[in-house]
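Undergrad: Chains A and B supply the protein sequences, listed in that same order. Per this note's numbering, the very first residue in the first sequence carries number 1; after that it's consecutive. Per this note's numbering, the very first residue in the second sequence carries number 1001; after that it's consecutive. Backbone N, C-alpha and C fix where the C-beta goes; we use that ideal spot for every residue, glycine too. Bear in mind the structure is a predicted one, so any value in this text is a computation, not a measurement. My structure is below; once you've seen it, I'll send some questions.
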Amino acid sequence: MIAATMMARRIVEGKLSNTAQNLASAEKIRNNPKFRELVSKRTRFAWTLSAIVLVMYFGFIALIAFNKALLATPLGVGINTTVGFPLGVGVILTAVILTGIYVYRANGEFDELNRQIIEESR
Amino acid sequence: MTALAGALAAFGTLLATGTAALAAGADLGQAAQQATNWHAIVMFVIFVAGTLGITYWAAKRTKTAADFYAAGGGITGFQNGLAIAGDYMSAASFLGISALVYGSGYDGLIFSVGWLVGWPIILFLIAERLRNLGKYTFADVATYRLSRTPVRSFAATGALVVVIFYLIGQMVGAGQLIKLLFGMEYIYAVIIVGALMMIYVTFGGMVATTWVQIIKAALLLSGATVIAFGVMFQFNFSFEQLFARAIEVHPKHQAIMSPGTLVSNPIDAVSLGMAQMFGTAGLPHILMRFFTVPDAREARKSVFYATGFIGYFYILTFIIGFGAICLVATNPAYLDIVKGGLNLRGGNNMAAIHLSHAIGGDLFLGFISAVAFATILAVVSGLTLAGASAISHDLYASVFMHGKTTEGKEVTVSRYASLGLGVIAVLLGIVFEKQNVAFIVALTFSVAASANFPVLVLSMFWSGLTTRGAVIGGAIGLVSSVVLVVLSKTVWVQSFGYAEPIFPFAYPAIFSMPAAFFFTWLFSVLDNSPRAAKERAAFEAQSIRSETGLGAEGAAAH
């Protein structure tokens, strides 16, 4: 019983000191210019890619709503495939590729910067 | 509008009923019971035995709340990517999209694109912040700096509304599909689905759910790959030859190569696009999957893998749809002689199923039927777990007990909640058997886009968000999306029998989602309470954690 209480207390204290340490770290991170750099770079990158996806997708929807004839145009004389197919499949493939690009940069460059920030905050 | 409603049905969850509407106009007749399909039953029994074995193994590993809700955070990015794909690719998208392509060609691709483009947005804006700030549910993120009781109550309501509506669609779809594929009574089909999902979730928690989803994703992807390969093989791997034959045999001929009547009205086109894109980013069972990985890095990877698998799958369903035009519509054995035209035996949602028979005979047909059943099980398990977490983690532990409970009790409540949701799902499945549930998908994605998504995104990105703004704005999004769907043609005319719809469009998101954002903003900036000032001030600390992962929930030690 006593052992259990002591253990519980140790866990609580451990958590508290952990939080206190986090607070101190947070203060250092706030003042680290690298943190500003990380946030502004990653935010700009994320919103740029989001804007590309939004424009691409709602552009596709706008074509469906306002210019079906364009999508119905065959790719060439005697060809059955219409413009709409490469466009639609292109949106899917571009979406997959953009997620790949984001993960590549975020898990490489940005995570390295993040690691340095955490390191310097200790 | 009828075509839109039909398309919706085809997509959503409703299987036999929906596509019949698409193909035959207003016929919402029930799927006819088929002869008992022994190959399918044997393969399905193997799947069930395997997954129950996994559940037994998972149950022994599920001890803490972190195990139950988040598989201890020990799932890798790749595994989670597959599980997300398994959670997201429903039988409706497999059978529904291929049926839509079979019936109208290009229109199917429009829906596929819409269901995919939410994923990059989830990655760029949501996944890593969600992982860094949350623990088990997306409400954790919204309450990071906002007041616990009101915001959790709202978030849990949003989650439960989405989960329950989604479950109705899945259960009705499951019952109709199984009646078709296995020759089993509707009511037994619904009970079997409900019972199995209760067992997976209650005993195996997130570990079992994850593995059921991974296995299902692998089965579905490989099954669809084989069908698509079989189709392309017959056309010398030339899309030109495939399209040429499809144009020749399809009654709509050249029209299948471009957008048809499916999305005719610009408002509905944009509204549907918004619901699909942002609704995906507000689905509680999808968001929950990001807590199963150890850190933000793996969370990002999982979206990349998931997007790749889902995109690949949609391209396959497209080939399958065209393959069905060429290989199924030309074979009288698969056609419904009474209805004539392109109508298939058992309804047009059978396009992919008949195609599997055309390609691989009875054995392969059995395999694909079993995969379709497994697909439903994986989706309903994910939904049930998400709903149970909203009840136990958000409502019970935070709202009712004010955080004064133990992990063990919380998990017990969650298990009972899973059982309760299972029973509710079965009952709703029975009640809605003969209803046209075509509106369910519009409702689910619109609510997710209008209630959950705005609050989640603003809590992550906007320092000015306050409790009052989030609750009022989110509630307006929730209520307006539900009310507009009820007033639209799919419910007001087709279910209630009124002559004219009050809301003239099929999808509410173009109105309800901006309304949610606007009122959340308005009530936040008008909030001058001391609590609001504190909440705004707490944003900086939140952003340090959300950007760097400092202090984020780690993986549990195993």
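1. Using the three-state DSSP reduction, which class does A:T82 fall into: helix, strand or coil?
2. Among residues of its own chain, excluding the 5 on either side of B:V1212, which ones have a beta-carbon nearer than 6 Å to its beta-carbon?
3. At the 7 Å Cβ level, is B:G1266 part of the contact set with chain A, yes or no?
4. Would you say B:A1538 reaches chain A, if we count a Cβ-Cβ gap shorter than 7 Å as a contact?
5. Might you give, ordered along the chain, the residues of its own chain that have their beta carbon closer than 8 Å to the beta carbon of B:A1509, omitting 5 neighbours on each side?
6. For the segment 49 to 69 of chain A, which residues have a CB atom closer than 9 Å to at least one CB atom of chain B, in sequence order?
7. For B:L1344, write down the residues that DSSP places opposite it in a beta bridge.
8. Starting from the Cα of B:L1168, find the closest Cα among B:F1047, B:A1442, B:S1104, B:L1219 and give me that residue.
9. Classify A:P74 as helix, strand or coil using the three-state DSSP reduction.
10. Any Cβ of chain B within less than 7 Å of the Cβ of A:I101?
11. Have a look at A:A69, A:E27, A:E37 and flag the residue whose alpha-carbon is nearest the alpha-carbon of A:E109.
12. Please report the distance separating the alpha-carbon of B:A1156 from that of B:Q1176.
13. Name, please, each residue of chain B whose Cβ falls closer than 9 Å to the Cβ of A:R30.
14. When you compare each of B:Q1494, B:A1059, B:F1304, B:I1286 to A:R103 by their alpha carbons, which one comes out closest?
15. Looking at C-alpha atoms only, which residue of B:L1146, B:A1065, B:F1313 is the closest neighbour of B:T1412?
16. B:N1528: buried (16+ other C-beta within 10 angstroms of its C-beta) or exposed?
17. Can you confirm whether the segment 66 to 74 of chain A touches the segment 94 to 103 of chain A when touching is taken to mean that 3 or more C-beta pairs between the two stretches lie within less than 8 Å?
18. Residue range of the alpha helix (DSSP H) that B:V1491 falls in?
19. Closest by CA to B:V1471, which one among B:A1071, B:N1080, B:L1146, B:G1108?
20. Can you list the residues of chain B that A:G84 reaches, using a CB-CB cut of under 8 Å?
21. On the CB-based measure, 16 or more other CB atoms within 10 Å of its CB, does B:D1394 come out buried or exposed?
22. Please report the straight-line C-alpha distance between B:F1511 and B:M1184, rounded to a whole angstrom.
23. Give me the Cα-Cα distance between B:V1483 and B:L1421, rounded to the nearest whole angstrom.
24. Below 7 Å CB to CB, which residues in the same chain sit around B:L1550 once its five sequence neighbours on both sides are set aside?
25. With 7 Å set as the bound, which would you pick, yes or no: does the beta-carbon of A:L113 sit closer than that to a beta-carbon of chain B?
26. Would you check if the segment 1345 to 1363 of chain B and the segment 1221 to 1234 of chain B touch, i.e. whether three or more CB-CB distances between them fall below 8 Å?
27. Closer than 8 Å by beta-carbon distance: list the chain B residues that pair up with A:G88, in chain order.
28. Count the other C-beta atoms from every protein chain shown that fall within 10 angstroms of the C-beta of A:G78, then say buried if there are 16 or more, exposed otherwise.
29. Would you kindly work out how many angstroms separate the C-alpha atoms of B:A1296 and B:P1504, rounded to a whole number?
30. With 16 as the cutoff for other CB atoms within 10 Å, does B:Y1498 come out buried or exposed?
31. How would you list, in chain order, the residues of chain B whose beta-carbon sits under 7 Å from the beta-carbon of A:A20?
32. Can you grab the Cα-Cα spacing for the pair B:F1461 / B:H1354, in whole Å?
33. With respect to the alpha helix (DSSP H) encompassing B:N1132, which residues constitute its N-terminal and C-terminal limits?
34. My assumption, with CB atoms under 8 Å, is that B:V1426 sits in contact with B:M1171. Please give the rounded CB distance.
35. Leaving out five residues before and five after B:F993 in sequence, what residues of the same chain have Cβ atoms less than 7 Å from its Cβ?
36. Can you check whether the C-beta of B:F1304 is within less than 7 Å of a C-beta belonging to chain A?
TA: On the basis of the data shown:
1. strand
2. T1051, Y1200, A1378, S1381
3. Reading off the sequence, residue 1266 of chain B comes out as Pro, not Gly. Yes, B:P1266 counts as interfacial toward chain A.
4. no
5. S1271, L1272, M1274, A1275, F1278, G1279, F1445, S1446, A1449, S1450, S1481
6. Here the close residues are L49, S50, I52, V53, L54, M56, Y57, F58, F60, I61, A62, L63, I64, A65, F66, K68, A69.
7. B:L1335, per the DSSP bridge assignment.
8. Here the sequence assigns Ile to residue 1168 of chain B, which means Leu is not the residue at that position. Ranking B:F1047, B:A1442, B:S1104, B:L1219 by Cα distance to B:I1168 puts B:A1442 first.
9. strand
10. no
11. A:E37
12. 30 Å
13. Simply E1540, A1541, I1544.
14. It should be noted that the sequence gives Val, not Arg, for residue 103 of chain A. The residue with the shortest Cα to Cα distance from A:V103 is B:F1304.
15. B:A1065
16. exposed
17. Contact fails: fewer than three Cβ-Cβ distances are below 8 Å.
18. Neither: B:V1491 is in no alpha helix (DSSP H) and is coded neither H nor E.
19. The shortest C-alpha to C-alpha distance from B:V1471 to any of B:A1071, B:N1080, B:L1146, B:G1108 is the one to B:L1146.
20. Result: Y1106, L1109, M1257, S1258, P1259.
21. buried
22. 42 Å
23. 24 Å
24. The residues I1544, in chain order, have a CB closer than 7 Å to that of B:L1550 in the same chain once the five nearest residues on each side in sequence are set aside.
25. no
26. yes
27. Y1106, L1109, I1110, S1112, V1113
28. exposed
29. 43 Å
30. exposed
31. The premise fails here: A:A20 is roughly 11 Å from chain B at the closest Cβ pair, so nothing lies under 7 Å.
32. Between B:F1461 and B:H1354, the C-alpha separation is close to 48 Å.
33. 1128 to 1133
34. 7 Å
35. Any question about residue 993 of chain B goes unanswered here, given that chain B covers just 1001 to 1558.
36. yes
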